[in-house]
Structures are given as C-alpha cells and as structure tokens.
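One structure is given here, and the rest of the page talks about it.
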Amino acid sequence: MNSQRGSSRRGRGTSSSSGHGRGTSSSSGRGRNYRSHASRYSRSNGANSRTSSTRASRQASVTPSIASRLATPIPSNNSRQTSSAPSVPCRQPSASVAPSQSRDDFDDDVSDEALDEIVMAVDMKPRGIVGCAYYVAAEEKLYFMEDVELGGPEVVEALKIFIDPTVILVSSKLEDTVLDKLDPERRNMGDGDSTAYGMPALCSPRPVSEFSYESARSRLVNLKIGHEDGPRITFITPGDVTTDRNSEHDAGDTATESRQGQLLRLSGWIDVDSRVTVGCAGAVLAYIYRKRAATFLPGDVAAQAMHRISTIEMFTLSGSMFVNADALLSLQIVQSESHPHSHNQGPAKANSGSKEGFSVYGLFHSLARTPQGKFLLRQYFLRPSINPEVINERLDAVSFLLRAENTEPMEALIKNLSKIKNMRTTMINLRKGISGSGAGKRGPPNFIWTGIRLFAFHALQIKDCFQEVIGGDRLALRSKVMNHFHSTQLAEVGKGITEIIDFELSADQGRNVVRNGVDHDLDELKRTYEGLESLLAQVAQHVAQFVPEGLNADINVVFFPQIGFLIAVPQDQGTGHGVYEGPEEEPWEKMFTTEDYAYYKNDNVVEMDSYFGDIYGRICDREIEIIHELAEKILQYEDLLTTASDICAEIDCILALAQGARNHNLVRPRLTESNILDIRGGRHILQEKVVSNFIPNDTLIAGGEGETKDAQQEDPPVITQYQTEDGHVVPSMVLVTGPNFSGKSVYLKQVAIIVFMAHVGSFVPAIRADIGITDKIMTRVATRESVSRNQSAFMIDLQQISMALNLATNRSLLIIDEFGKGTDSHDGAGLAAGVFNHLLNRGDQCPKVLGATHFHEIFESGFLLPHERLAFGHFEVTKDISDLTKADFLSTVGEKTPVFVRFSTVTLGREFPDEARNPRGFAIKFYTKEGNYDIVGLNFPVFFCRDPIQGPDVIRSQARNPRNFLLDYDATFDLLGNTPESIHAGVMFFSDHGTPQGWTNNHGYGCHTFKWVNKQGKFVYIKYHFIAKHGQKQFTQPEAIRISGENPDYSKQELWEAMERGEEKEWTAKVQIMQPEDADPAKLGFDPFDVTKVWPRDQFPMHEFGRLVLNKNPENYHRDVEQAAFSPGSMVPGIEDSPDPLLQFRMFFYRDAQYHRIGINLHQVPTNCPFMARSVSSINFDGAMRVDANHAGNKQYNPNSFSHKFRPDVAETPYKVSDNVVSRKSHYYHECKVSEYDQVRELYTRVMDD
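Here the sequence shown is numbered in full-length UniProt numbering, starting from 1 and rising by one per residue.
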C-alpha cells in the first residue's frame, strides 16, 4: 500500500551489506519505489526518512521497499482519534500539502460540512404573524427578525428564498399552506439531523414546545448576551455590509446578575415582543444543542466549538424588494445547474458540484474573486434593496471604478482580491485549531497561516490602491477602507506570522514548522535531530561488523518516531526468520516481520531509543506550543480581520458589477422617488447573448400616486397623474399583442430585469433608464407544475395572479404574460379583462403593469374599455372642439380612441413594389363608443377627378396595358391631358410625392369636405389634415427604382420593424374650417366641395384638435389588413357628409364592393367590429357565415317602433348650398375654366419650389 499524504510517520535508517570491504551510503524515500542513493537527504511530502547503509561488498545493492509497509500497522499522528479526547466533528484537513498544489485545493480539502449548515426556523401564527430566525454556521451568527404582521405564506416563501437554508425547522402544527411554500412536494421531510441529498433543503417538523416563547427566552439568556464571553449584537438590512464593530462590551457580573436582570439586558438588544421570532430562535438553539449532544460526550469542553454563536444580528425585510420564487424563475435571475450525479448534490454537501447556470446573476458571479464576495453578491441579487441611499452608494462606486483614469487601480484591486480568502471562515478554523487541540493534534493547518498572511499583505495593497485613485474622496467605499484597514495592525499580523512560520519547510513537511531563531530550546532539539544522520552512519558501520561476510545481505537500520530505531534484515523464506538475527550469545529481539523483511532491536538501538527516541515528538510539541501562542496573538486582531474581510467582499461585489457593466455595455440608471419607469433603448441582457440581432425597446409607464393628504379630507381628492412634457398622461398599464415568437415575453421580462438590476445597484442594459423605487416585482409568466401538487396548470396560474393582486401596491411592478390561456378561450378572455380592469380601476393605487395577451376579444368585444392609464394604438383629442361637433370621441380633451390605420398603394396590386410611383392610401378606422368612423384618404390633399363616373377611368389609366400587361404612362398622361381638373393631382403624382420613403413619412389627408355638427344643430364644413410629426421624406426617381429592386417590401418592412422596436409614429390632427355662408364658389373662386381643389391656408388656417399615434402591428395580415373594410359612409353622430358628388358616390359603392369581397357580415371580422360601441345594431340580417345573435328576433326593417326607433339627435342636419356647386352639364364634359390651373400653378411655382 502507498503511504498516505499527510502522514506524520517519519523514518530514519541505515543499511549494510556483507562482503568484501566496507562502505556507507544514505538513502531516503517513501512508497514502493524506495531506492538507495549515495549520501543524500531529501525532504518529502510525507515522513522524513533517513537511512544510513554500510555495504559489505562493492556490488550494487537495492534497499528494500519497507517504508510503506512500516506505515501500515502504526496509526497516523494526524488521523482522526478515537481516544477519550474527542475532536471537533468535522473533516480535518490533510497535514501534508504538496508544493504543486494551489491554495484553492487546500480550501477544498478543508471544507467542513458542519460549516455549510444554515439552519432556519420559521413559524406562522393565526392572523398571519410570521416569525423567523436562522443560524449561519460559517459566520457563527444567529439572525433575528422582527415579527411580520399580516405576512402569510408568501412572506415565508420570500424568507426561504432570501436565507437559502440547508435545514428548515417548523412547528408540527404549522398550516399546510405554509408547508406547501417551504416544501411543495412534501418529499424533504426529516428529523433535521441527517444529510439531505438532491434536495433544496431538509424540512424538519419539531414539537411545538421547541417554539415556546418562555423556553426560548431561557435559551437566549444562557447565551450571556452582552457579556465579555457572549455574542455581540448588531442590526443590519439584508444586502448591506456591516463593518462597524464595538470593541468593548459592558460585561456585567455574570455571577451575581439575577435572571430578571439578564432578561432586561436581553430586551435591551433584542425585540422580545416579537414572540414568534423569539420562539423560532429557541428552536434554532434547541437544534444546535441537540447536534452537540449527539456528537460529543457530556461535559466535553470541545463541544462549545461546534456551532458557536459569536454574534446576533437583527435583520429586516422592510429595506428589501419582495421578489418571490416565481419571479426569480421567470426572469432567470438565478438558475443553478446541479451535478448530474444525484449523490453529489444537497445542501449539506460541501462540494455539491452545482454551478450557476445561464442567468442574470451568472453573468456577474464569475467576476467576483473572493468567496465572501461571491456570497455577498448572491445576497445582492436575492435581496435587492429599496433604500435609495444604499443603491446610489453602489452605483457611485461602480461609476467611479469605470472612469478611464481608474483602469489601472481597478485591475490592481482585482489582482489583489483574487489572492485572499474569507477571514470569517479562517478565524473559525483558527479557533477550532486551538480549542480542539490535544493529544495527537497538530494545531491550525498550514493553509490558515498562509491565508492570513496573504490577506494582511493584500489588504495593505488594496488600501494603497484606494489612496492612489483620483477623485474618490467622497466615495463611501473608500472611506470604509481608510477607516478600517489599519495599516500598522495589518503589518503586525503579517510580520508576526512571517517571523515564526517557515512556509517552505511547512509545505515540504506537511505541518507547521517554526523558523530557526524563534525559540532557543527548539533550535537545540532540531540541531540534535539533524545530527542523527551521522550517528546512524556510525551505527550502521558498527552493526555491519558483526554480520558474516558470506551472507551478502542488505541490512538497514531505520528510525521511526513512533517505534524507535530498528534493524531490518532480509527474511529467509524457508524459516520465516531473518537471514541474520545477531550473535548467538546476544541474539537480537525480533519485533515483527513483513513479507520480505524481519525487524529487530539490539542493545545499541535500545540505548539510542532511550536518548533520542522521543526527540521528534518533543520538537513537534514545542512547535505546537509556539503556533498556539501565535494563534492567540492573531485572534486579538479578529475584529480587524473580519471587518476588513467584509469590506473586501463589498469591494469585490462592486468590482464584479463594474466589470459586468463594462463587459455587457450597461449604463447607470437614475433612481427616483417618482413612481415611473422611463427606459430608452432597453435590452434583455440574456436574450441578446443568444440572438444575432437584438432590437432595443422603449418603455414609459407610471404607477399610481398612492394616497394623498387630500384623502383624509371630506372633499374628494385631486387625482394626480404623471404626464409627459406635452401634457399626455403616462399610462399605468401597457398591453402588448402580437404573433407567437414576436418578442412579447422577452419585452416584458427585459423591463422587469432592468428594474431588478437597478435595485441591486447594478448598471442596466439600456441607453437611458429612470427607475422609480419599486417595492415588489411579481410575475405571471411561467407555470411551475408538479404532479405531486395535485393542481392543474390553470389553478397554479390563478394562484400566481391572486397573490399578485393581493400584494401589489402602487409601487409594485406586475408582469402578466398570457394569463387565462389554460382554460376555455371565452372564460380566459373574461378573466384577463377582469384582472386588467380591476387593476385600472384602482386609480391612484394602480401598480405598474406590463401585460401580453392573444385574447383580442377583450378589445374587439368591449371587455376592456379605453382608459387613460391604458395605452395602445390610439387617437387622442388635444384641443377642445365641443363647440364644433357633438361627436363623442372628439368631445373631451385627453380622450383616447383606439384606431386601425391602413397604408396602401392605390392602383397597383399588393405584390407590386412598395416604392413604385403611385398615390398612397391613408385610411383610418376609429373605434368610438358610438360605432366605427372611417376616414378614407390619401397622401395627396386632392384626387384626379371630381365626377364619380370617372373614378374607374382614373384607376385604369394608371393600371397595366391590357394588351401587353406593361405599365403604360402614355395612358396616364392621356387622361391628364383630357381632364384638366386632374392636373392638380397629376403634378403631385409625378413629383417626389409619388415616391415617398415608406408608409409613415407622409402627411395624410381626408381629401373630401365633411360637416361637423354640434349639439345645437349648427354645422361647419371641414377638411382633415394629419401632419406627420416625424416629417415627410421622399425618394427621387432613381432612388425609388433602386429600392424597388433591392427590397420590394421596403415600406411594409420599415413600418413593421419600427413597431416591433416599440417606436411610436405620430401625426398631429388638424382641420380647416369653413362657415356655411362662405361656401360660395363665386366668392371663393373655386368650388369648396370639389375634391380636385384645396382650401388656401391663408384663408382657412388649420386648427389642431388631436394626435394620431401608432404603436403596434397587426397580428395576421389577411385577417386584420386584407379583410379590413373602410367606407366613407361609416360615420358617427356629429360628423356628416357634404355635397361633394364623389364623396356621395364613394359612400355607396365602397360598402357595396365590400359586401361582394368580404360578405354581408363583414362586421364580424375583428378589424371591422365596432367593439368600443355601447350598443351595436347592424341593419344587415342573415347571410353567409352569420355567427352572432342575428338581431335576436328584432324587426327586419328600419326605423321601427321597437328596437330601431327614429332618433332625431342623429338625423342628418339640413343644409343649403349655392346652385353652382360642382356644376356639370353632362358626364365627361369639362368646363376647361382658367381657374382649373390656378392652384396647380401655385403648387408648382411656390410650394414645390420651397
């Protein structure tokens, strides 16, 4: 067998071979390949084995491979002891470290399963009072929380996520609803005293008595809180690093202080009124006592070193964002990937093999260099802060480190941090090395001193880095370093360790070796021990003199501290004895035999045993005493080292966030007290890593203002809302629709992730981000199904949305993705609309809501009514025009009406290139509460003809030649030449207006003249103008030809991608107004109802009345676009037609053509459905594919005395016009008046010239 690394077996030996002549040789080695070498002393990883050999001939001889065999029957001095002095129950580190090993290997070797324990006790009383306490073994801290009123199971779940325990202690009477949150599948139930494999935590039901308030108080009093040898008290908020430590404590007199006094002292530091939490702390202490009793014998003082409580820290959830497990899963904040072997998993396994997967935290996890930094960074991501001061402190530090002039100090900090370890764990191990020492103990392992020395050195380097940086005087992190990194004391720590421990020899010998010159007596012992080599040579020569020369055998003289000096003689296989057993008159004493050798003692080696047999043990004992004195000295600096270690963890976290910001192109968010999210160019930090091209999106959303002081008064409160610079209300809810795989869910998640990262204190993936403080992020995105839960996916969805509705405040962010999809579509649509309406109706208590849905019924059937807090494509009234029209959707400033806009070419087929020369259709469908209203216009303010009978002629003149199916511009010019009134539109057609850049870079015009009628029955004539806020852009003829060849779908693609990016396209709605008495062609010089003419703006200026906003794409082109039916005859009360003959004709034949193209029941197509109307009553009956109520038995004629009574308020207003309006003598007759060219000349010479 091979000798074990770290064995304390040591051997010295001499070998002698009989023959002609005498000689000596020295060999050292270990293991089976143990060979003789001439006069060489080697330091090995294991025992220092010395061998002196005297040879009896000049033949080559090989020393026997005995070192490993000798090690077999002798217990290692470093192995686990079974004596009456029990050790600390943890996996002890190897005392031998190969020089080639890294310090990380040392840490793996010393990982202690007991140190990995995090014990959490939680209880919930009636009325939802939740208490919690937990103990972290690696920190020796007991955490204590104030009771949470009206907490409920959701708070318990949040506590579990924050603490991430290995053992959960619960009362045996705890409700099943709480147990479902702690252990949904009920497969992790145990007694709390065994290791759980492959489980997130071991849930241990305990008797109610362990949660008793009185017994818990007694256990807490026994901790001697506030006494010199008791734990200290601090108060923290999760996610913050506490570095201030009180170096002195008012100990009090433990011998004379009464129990009442101890209770008073206890209540001075701990909220003893938090009765549930006090009981939970008692349960944790009971668990610790139970573990100690099961591991140690009664009265064993070493038991106090196990699960020692050095500090009690108060923590609160009030300063942390509430993020439940569903949100963490849905947003991929953290995502661990377990080891594929189930037996190498579990919370109590130090090396579980799990790693952080592809997650937001995972992008930063690898950037943290220290163990404590990785742990704290995970806390940052599990406990986002809602304290602006904490968040801005982190953001300031990240910004500071990212300055160009701080690049070198930042790299130096990273380099230094990568070489230090967690001093809290190191101090615990150091203390255990002292308290657990005794017979067979070797003191603190070698790696501890290396770690402390390196920490002291690099801590000083870190302080120097912060002293060298420029502009960091006001940085809070720098102040912590300057105040707590005491250079003198850190130097004393490093110097004290370096002067005492010989690290080179310690690494070679696998134990703590004290330098020469530290202790005179120790130096003398070492010199004596080192001089044994010459003594062994003399003994070897002496023994060889008595060996008969004819035997020609190798004889070794070896030394082991545990056995002493031995003579090794080759064994005679026939007799089982050595080939030589000493002189007959004084035979050697046989000690034992191995397979090839027999081992003996004679008077010489016995005498040597008496003088030198225990010298190695005396050396080791003295070195242990010196090392323990050093440990006691270093422990005096424990507060300094642990505080500095905590600050290093914070520095490491900030550096990780800074490197992440640099690596992933992140920007600093601006935290604001305003309840608003204004994100420009936001990105999904994970999604953009897995796609070739990611399109950023903007977000503008605001939660309610909450209760105001006015709410306490009798008068109704003034509702305050967030508004943009131009006075528009910022919505509280944004609903997104679109086809599958269009990015809806990614968009919802990216907003939540940006908000989450901002509260962590990280930079965010955006161009700019203003983030209001958000108290909760809750999601209904992913469904965590399990057969053991005995719940359907739909039930789980309902539970998620129920919790979100119950816990959401105006400061919360809700992500709702396709809620209701798990049940019947009608029921799902109703549920989704009900949830959205409920949230909107909360008013100033409405949270920020981002939703996605495929239920178009909620819009088309009026389930979700327009709301000022709800945003999608809409038309908004911006000016008061109620004196001009009684149209309901134009009656109130700020009123928003959903719209559908169709862009098209006019005379060419849908497969023709978008950028071919052609007029562009600009049609708008308003979904008003009084029915649908259509404006069917162009990107020209005029048309080619005023005689409706010539409409088909205009289309045919611009169509393909029927003879050869080629475009025929001769026909177009021929018609223009024979129809003077068409020249106006013809000039625009052949200008750059005929080749606009895309659909949206155009103004839109209603072309015709309409009437607006107010409530008093008075009317005015108007013309519509929709002025593109983003301006007009046109292609030249060569550019249009090129684009048509490169991308025939240029216009469609440009509009689609803009909407997908979240951009909004906006037009300002304006009208020209003409009083009826002014509509006289003789006075005007042109016919005001002639669609080939415009109204001069100097005579009839434009008046703004609203804005048209587009912000989403249709979901299906055929359903939503091809089947869209626009008709100039679709009007609402307050808007009427004029005497324009072309308008009159279009009002008839558009609908007639649609009945042929789509069918009589075209109103059932979602795009054409008047879903916003309070009541819909089509006059069409029966017909193909009629699937609605078909008037439910109402009369089939109109008007009638039942369902369709005559309504004078919507009757057409009578009007009178001049006799010479749109005069004609016959079809195809054109007056050819000079005035036909007046406006054309003005257009060409002045407008186009400008």
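Don't be surprised by glycine CBs; every beta carbon is placed ideally from N, CA and C.
All of these numbers come straight from a predicted model, not from anything done at the bench.
Asked, Found
"Note down, in chain order, each residue of its chain lying with its Cβ closer than 6 Å to the Cβ of A971, except the 5 sequence neighbours on either side.", "S957"
"Considering only residues of the same chain and omitting the five flanking positions on each side of R292, which have a CB-CB separation below 6 Å?", "A303, M306"
"Nearest by alpha-carbon distance to L401: which of T995, S762, F836, N964 is it?", "S762"
"Taking the alpha carbon of K160 as the reference point, which residue from S171, D183, E146, N422 has its own alpha carbon closest?", "D183"
"Apart from the five residues on each side of it in sequence, which residues of its chain come closer than 8 Å, Cβ to Cβ, to Q712?", "For Q712, the predicted structure reports a pLDDT of 43, less than 50, and the residue's modelled location is therefore unreliable. The matter cannot be settled from this model."
"Who are the near neighbours of F889 in its chain, counting only those whose CB is closer than 8 Å to its CB and skipping five residues on each side?", "F875, V877, E895, T897, F926, T928, K929, E930, Y933, V1132"
"Exposed or buried, what is G1062 when buried is set at 16 or more other beta-carbons lying within 10 Å of its beta-carbon?", "buried"
"Tell me the rounded alpha-carbon separation between P1114 and I1160.", "23 Å"
"Is it right to say G531 is buried, meaning 16 or more other beta carbons lie within 10 angstroms of its own, or is it exposed?", "exposed"
"L957 lies in the alpha helix (DSSP H); which residues open and close that run?", "The question names Leu, but residue 957 in the sequence shown is Ser. It spans 951-957 - the alpha helix (DSSP H) in which S957 sits, taken as one unbroken run."
"With 16 as the cutoff for other CB atoms within 10 Å, does I1135 come out buried or exposed?", "buried"
"Are the region 1063-1077 and the region 1103-1122 touching by the rule of at least three beta carbon pairs closer than 8 Å?", "yes"
"Thinking L522 and V513 are a contact (beta carbons under 8 Å), I'd like their distance in whole angstroms, please.", "Wrong, their Cβ atoms sit about 10 Å apart, outside the cutoff."
"If contacts are defined as beta-carbon pairs under 8 Å, then L220 and A137 qualify, I think. What distance do you get, rounded to the angstrom?", "So it is not a contact: roughly 18 Å between Cβ atoms."
"Among R668, G703, N663, I501, which has the Cα closest to the Cα of E629?", "I501"
"Thinking C-beta only, is I647 closer than 8 Å to H484?", "yes"
"Buried or exposed for N806, going by 16 or more other Cβ atoms inside 10 Å?", "exposed"
"By Cβ distance below 8 Å, which residues in the same chain neighbour residue 1261 in space, the five residues on each side in sequence not counted?", "Nothing can be reported for residue 1261: it is not among the residues displayed for the chain, which extend from 1 to 1250."
"Run the CB neighbour count on K1083, radius 10 Å, all protein chains shown included, and call it buried at 16 or more, exposed below.", "exposed"
"Please report the distance separating the alpha-carbon of R206 from that of A114.", "21 Å"
"Can you tell me whether DSSP reads K173 as helix, strand or coil?", "coil"
"Measuring alpha carbon to alpha carbon, tell me which residue in N810, L477, N406, H1008 is nearest I654.", "L477"
"Going by beta carbon distance, what residues of the same chain come within less than 6 Å of residue 1252, once the five residues before and after it are set aside?", "Since the first residue shown for the chain is 1 and the last is 1250, residue 1252 is missing from the structure and cannot be characterised."
"Contact check, M778 vs A327 under 8 Å by CB: the rounded distance?", "6 Å"
"Compute the distance between the beta-carbons of R680 and I767, then report whether it is under 8 Å.", "yes"
"For D1087, count neighbouring C-beta atoms within 10 Å of its own C-beta (all shown protein chains included) and say buried if the count is 16 or more, exposed if not.", "buried"
"Since L377 and I420 should fall inside the 8 Å C-beta cutoff, what is the C-beta to C-beta distance between them, to a whole number of angstroms?", "No, L377 and I420 are not in contact; Cβ-Cβ is about 16 Å, not under 8 Å."
"Please list the terminal residues of the continuous beta strand (DSSP E) segment that includes I500.", "No beta strand (DSSP E) contains I500, which is instead part of the alpha helix (DSSP H) from 487-500."
"Since D1137 contacts L1143 with CB under 8 Å, what's their CB separation in whole angstroms?", "6 Å"
"Where does Q1239 land, buried or exposed, given buried means 16+ other C-beta within 10 angstroms?", "buried"
"Apply the 10 Å Cβ neighbour rule to D974 and answer buried if 16 or more other Cβ atoms are within range, or exposed otherwise.", "exposed"
"What first and last residue would you give for the beta strand (DSSP E) that runs through F903?", "896-905"
"Keeping to the same chain, check which residues put their C-beta closer than 8 Å to that of L1243; ignore five residues upstream and five downstream.", "H984, V987, M988"
"Please list the terminal residues of the continuous alpha helix (DSSP H) segment that includes V278.", "275-295"
"Going by the beta-carbon positions, is the gap between M321 and D678 smaller than 8 Å?", "no"
"So what does N806 bridge to, in DSSP terms?", "None; N806 has no bridge partner."
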